[in-house]
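Participant: Numbering (this note's numbering), first residue to last: 1089 to 1255.
In this text, a Cβ means the ideal position worked out from N, Cα and C, and glycines have one as well.
Nothing here was measured: the structure is a model prediction, and the numbers come from that model.
The following block contains the structure, expressed as structure tokens.
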């Protein structure tokens, strides 16, 4: 049996992504006609969801990534509620991480880490607004990223509008 000696030096690899912090940047809940909505609520409302991701460099290898989710619930032609959440985090990318990996990590992995917290806020706010909690289905950030990259490769600029999803 042999023990490998390292003379006290240990090589530890820096993680590719570090979460420095996360926070709620903005939250809005509009309940335009609560009394009418409660009296005439028949079945589940139709909910449309839009998602937008923004990555902003703060310092070298440090970024703020904001996940913006807008959910609009309607029944017929009447708006029941609108909830908007802007949930963000500060992330550090490893110094030795190749530059070509920055964009996918910022636009896929960072939002994937933020999503459960934004989802919980939306569920809580809709419940506190007097409606059943809106529990968003998990978002496939890889597919959203690929769609954006395909659009860029076809000669178009990435869609400035938020991505539309089915709730």
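Near residue 1197, what residues of its chain come up, given a Cβ to Cβ distance below 7 Å and the 5 sequence neighbours on each side ignored?
Facilitator: 1105, listed in sequence order.
Participant: Quick check: what's the CA-CA separation for residue 1156 versus residue 1171?
Facilitator: 11 Å
Participant: Among all the DSSP beta bridges, which residues are the ones paired with residue 1117?
Facilitator: 1171
Participant: Do residue 1135 and residue 1202 have their C-beta atoms closer together than 9 Å?
Facilitator: no
Participant: How is the alpha helix (DSSP H) around residue 1204 delimited, first residue to last?
Facilitator: 1198 to 1216
Participant: CB-CB under 6 Å to residue 1221, same chain, minus the five flanking residues each way: which ones, in chain order?
Facilitator: 1211, 1214, 1215
Participant: Apply the 10 Å Cβ neighbour rule to residue 1175 and answer buried if 16 or more other Cβ atoms are within range, or exposed otherwise.
Facilitator: Burial call: buried.
Participant: Can you tell me the Cα-Cα spacing of residue 1129 and residue 1163, whole angstroms?
Facilitator: Roughly 8 Å separates the two Cα atoms.
Participant: Does DSSP classify residue 1105 as helix, strand or coil?
Facilitator: strand
Participant: Identify whether residue 1194 lies in helix, strand or coil by the three-state DSSP scheme.
Facilitator: helix
Participant: Compare the Cα-Cα distances from residue 1194 to each of 1124, 1139, 1179, 1140 and report the closest residue.
Facilitator: 1179
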